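Notes follow the structure.
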Amino acid sequence: MAKACWPYFDPEYETLSARMNPPRVSVDNISCRHCTVVKIHSVNKPGILLEVVQILTDLDFTITKAYISSDGGWFMDVFHVTDQQGKKITDGRTVDYIERALGPKGHAADGMKNCPGKRVGVHSVGNHTAIELVGRDRPGLLSEISAVLADLQFNVAAAEVWTHNRRIACVLYVNDYSTNHAVHDLNRLSIMEEQLKHILRGSEDDDKVARTSFSMGFTHTDRRLHQMLFADRDYEGSGVTSEVDYPSSFKPKVTVDRCEEKGYSVVSVQCKDRAKLMFDIVCTLTDMQYVVFHANISSNGPYASQEYFIRHMDGCTLDAEGEKERVIKCLEASIHRRVSEGLSLELCAKDRVGLLSEVTRILRENGLSVRRAGISTIGEEAVNVFYVRDTYGNPVESKKIEALRREIGHTMMLNVKKDPGSAKAPEAEAISTGWAKTSFFFGNLLDKLLA
Numbered sequence: 167m168a169k170a171c172w173p174y175f176d177p178e179y180e181t182l183s184a185r186m187n188p189p190r191v192s193v194d195n196i197s198c199r200h201c202t203v204v205k206i207h208s209v210n211k212p213g214i215l216l217e218v219v220q221i222l223t224d225l226d227f228t229i230t231k232a233y234i235s236s237d238g239g240w241f242m243d244v245f246h247v248t249d250q251q252g253k254k255i256t257d258g259r260t261v262d263y264i265e266r267a268l269g270p271k272g273h274a275a276d277g278m279k280n281c282p283g284k285r286v287g288v289h290s291v292g293n294h295t296a297i298e299l300v301g302r303d304r305p306g307l308l309s310e311i312s313a314v315l316a317d318l319q320f321n322v323a324a325a326e327v328w329t330h331n332r333r334i335a336c337v338l339y340v341n342d343y344s345t346n347h348a349v350h351d352l353n354r355l356s357i358m359e360e361q362l363k364h365i366l367r368g369s370e371d372d373d374k375v376a377r378t379s380f381s382m383g384f385t386h387t388d389r390r391l392h393q394m395l396f397a398d399r400d401y402e403g404s405g406v407t408s409e410v411d412y413p414s415s416f417k418p419k420v421t422v423d424r425c426e427e428k429g430y431s432v433v434s435v436q437c438k439d440r441a442k443l444m445f446d447i448v449c450t451l452t453d454m455q456y457v458v459f460h461a462n463i464s465s466n467g468p469y470a471s472q473e474y475f476i477r478h479m480d481g482c483t484l485d486a487e488g489e490k491e492r493v494i495k496c497l498e499a500s501i502h503r504r505v506s507e508g509l510s511l512e513l514c515a516k517d518r519v520g521l522l523s524e525v526t527r528i529l530r531e532n533g534l535s536v537r538r539a540g541i542s543t544i545g546e547e548a549v550n551v552f553y554v555r556d557t558y559g560n561p562v563e564s565k566k567i568e569a570l571r572r573e574i575g576h577t578m579m580l581n582v583k584k585d586p587g588s589a590k591a592p593e594a595e596a597i598s599t600g601w602a603k604t605s606f607f608f609g610n611l612l613d614k615l616l617a
């Protein structure tokens with residue numbers, strides 16, 4: 167019999183072991199003065215670290231410190247977390263959700279099969295069709311995409327858009343405007359696909375540079391965006407990367423060394439700290455088929471230091487210089503995909519067909535280029551968050567924001583925020599235009615998760 171590759175997991179043994187040794191979770195608000203300490207002890211299994219980090223980051227927690235150990239058959243994690251205001255997690259409903267999600271009957275225990283977080287697929291956000299798009303980015307592209315969907319009478323209920331190294335990846339959740347249900351008409355889907363491919367192709371002749379697909383899977387949305395850009399080789403860049411794309415304040419330092427004593431490769435990352443940094447790094451290592459055995463995560467002021475002791479799935483360390491260089495490039499790309507120096511624009515309005523098309527058209531006509539976007543619908547209200555720069559990649563001038571305010575009239579609420587990493591962006595300001603602002607990010611997400 168051929169020898170199985172290391173590590174080998176027997177599904178029946180793993181299931182039996184998990185039943186006999188269910189995960190133990192504790193949420194401690196006493197031992198640390200400034201943070202909530204979340205501890206997880208569990209039977210080890212492939213991908214469990216990513217699943218745990220995913221649950222914590224979906225709750226918009228900030229991980230300030232973490233200690234990971236998963237040698238042998240056991241997995242032990244300690245996370246120091248705060249909410250977005252830097253405070254402990256004291257809400258009883260939130261603590262209960264953490265214990266249930268990470269515990270014996272939770273999402274980490276069952277491999278995320280029933281996780282209510284951001285998922286890709288027809289059943290992921292109600293009854294919607296998920297569309298995945300990858301292609302070359304250019305100013306106004308999101309406006310063109312949303313215009314096609316509006317013309318074909320598709321309503322965009324939610325979406326995530328990332329750009330990196332002149333590439334764009336989108337996951338959009340759409341439904342039929344008249345029925346509010348997923349679209350099953352193959353003819354309509356085919357017409358949509360062809361029109362979107364035509365837009366993504368632009369002036370490019372090679373069909374491989376633009377891809378459109380309708381997802382039926384259940385991958386977490388952010389992870390799927392990482393996978394799409396990784397498969398698109400956005401980490402290669404072809405020498406087009408500039409300081410406009412990667413400002414020096416965000417430039418990470420990634421190294422790969424060897425721990426001879428224990429037989430690990432050690433990946434060290436030092437960069438400016440930000441939300442979901444650990445998720446992005448662990449996600450990339452996992453999808454590149456590396457296993458994290460130990461890790462130390464810490465934040466020192468505005469900067470983060472993360473160290474991962476890893477091996478490949480086959481048990482080998484990273485010995486070839488080419489493999490080390492590829493890991494470094496891929497981790498740098500995973501860090502930068504979520505970086506958006508400059509302004510974020512949060513627009514709230516009553517949801518309707520064509521709203522996204524209208525908003526992105528206004529942004530384009532005012533000379534604003536979308537670098538990243540998050541679209542959501544909560545009840546009858548649509549909340550669109552855009553991270554923007556001008557069409558040349560420079561910070562947005564105040565006069566363009568004033569023009570935008572005049573353009574949107576009294577039908578939307580506009581909130582303008584300065585990214586802390588950019589000193590050149592205008593000061594944060596709330597521009598009310600007759601629409602009552604709703605605090606939706608953490609509170610409404612939690613309500614949806616607990617529903």
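Residue numbers (the numbering used here): 167 to 617. For each residue, glycine too, the CB sits at the ideal point set by N, CA and C. Please read these numbers as outputs of a predicted model, since none were measured by experiment.
Contacting residues, own chain, Cβ-Cβ under 8 Å from residue i (five flanking each side not counted)
| i | result |
| --- | --- |
| Tyr343 | Gln319, Phe320, Asn321, Val519 |
| His294 | Val288, Ala323, Ala324, Tyr339, Val340, Asn341, Ala348 |
| Lys566 | Asn532, Gly533, Leu534, Asp556 |
| Gln393 | Thr385, Asp453 |
Buried or exposed by the 16-neighbour rule on C-beta atoms within 10 Å, applied to residue i
| i | result |
| --- | --- |
| Met167 | The predicted model places Met167 with a pLDDT of 36, which falls under 50 and marks its position as unreliable; any figure quoted below should be read in that light. So Met167 counts as exposed. |
| Pro189 | buried |
| Ser564 | exposed |
| Ala548 | buried |
| Ser192 | exposed |
| Ile297 | buried |
| Gln220 | buried |
| Gly301 | buried |
| Tyr430 | buried |
| Glu498 | buried |
| Glu310 | buried |
| Arg390 | buried |
| Lys442 | buried |
| Leu352 | exposed |
| Trp240 | exposed |
| Cys201 | buried |
| Arg437 | Correcting the residue type first, residue 437 is Cys in the shown sequence and not Arg. Buried. |
First through last residue of the alpha helix (DSSP H) which encompasses residue i
| i | result |
| --- | --- |
| Ile311 | 307-317 |
| Ile221 | 214-224 |
| Gly258 | 258-268 |
| Ala569 | 564-574 |
| Glu360 | 352-367 |
For residue i, the residue or residues it bridges with in DSSP
| i | result |
| --- | --- |
| Cys437 | Ala470 |
| Arg424 | Ser431 |
| Met242 | His207, Ser235 |
| Arg302 | Arg333 |
| Tyr553 | Ser510, Arg538 |
| Glu547 | Lys516, Ile544 |
| Asp400 | According to DSSP, which records beta bridges pairwise, Asp400 is partnered with nothing at all. |
| Tyr339 | Ala296, Ala324 |
| Lys419 | Gln436 |
| Ser379 | Glu298 |
| Ile229 | Val247 |
| Thr202 | Val247 |
Where the beta strand (DSSP E) through residue i begins and ends
| i | result |
| --- | --- |
| Phe320 | 320-330 |
| Asp194 | 190-194 |
| Met578 | Met578 -> no beta strand (DSSP E), and no H or E assigned at all. |
7 Å Cβ shell around residue i - same chain, five flanking residues per side excluded
| i | result |
| --- | --- |
| Ala324 | Val291, Tyr339, Ile541, Ser542, Thr543 |
| Asp439 | Ser465, Pro468, Tyr469, Ala470 |
| Ile463 | Ile229, Lys231, Ala232, Met444, Gln472 |
| Leu216 | Val448, Cys449, Thr452 |
| Val261 | Val193, Ile255 |
| Thr421 | Ser434 |
| Leu362 | Leu299, Ile311, Val314, Thr378 |
| Lys308 | Strictly speaking, residue 308 in this sequence is Leu, with Lys absent from that position. So the list reads Val327, Thr526, Val536, Ala539, once near-sequence residues are dropped. |
| Met278 | Any reading at Met278 needs caution, since the residue's pLDDT is 40, under 50, leaving its predicted position unreliable; the model's value is listed next. So the qualifying residues of the chain are Glu217. |
Cutoff 6 Å; reference residue i; Cβ partners in own chain excluding five residues on either side
| i | result |
| --- | --- |
| Phe552 | Leu511, Val536, Ala539 |
| His207 | Arg190, Met242 |
| Asp423 | Val432 |
| Ala461 | Ile234, Tyr474 |
| Tyr401 | Lys495, Cys496, Ala499 |
Chain C contact for residue i (CB, 8 Å cutoff)
| i | result |
| --- | --- |
| Val505 | No chain C appears in this structure, which consists of one protein chain only. |
Check: At what residue ranges does the segment 454-542 contain a whole run of the alpha helix (DSSP H), taking only runs of 4 or more?
Finding: 487-502, 521-531
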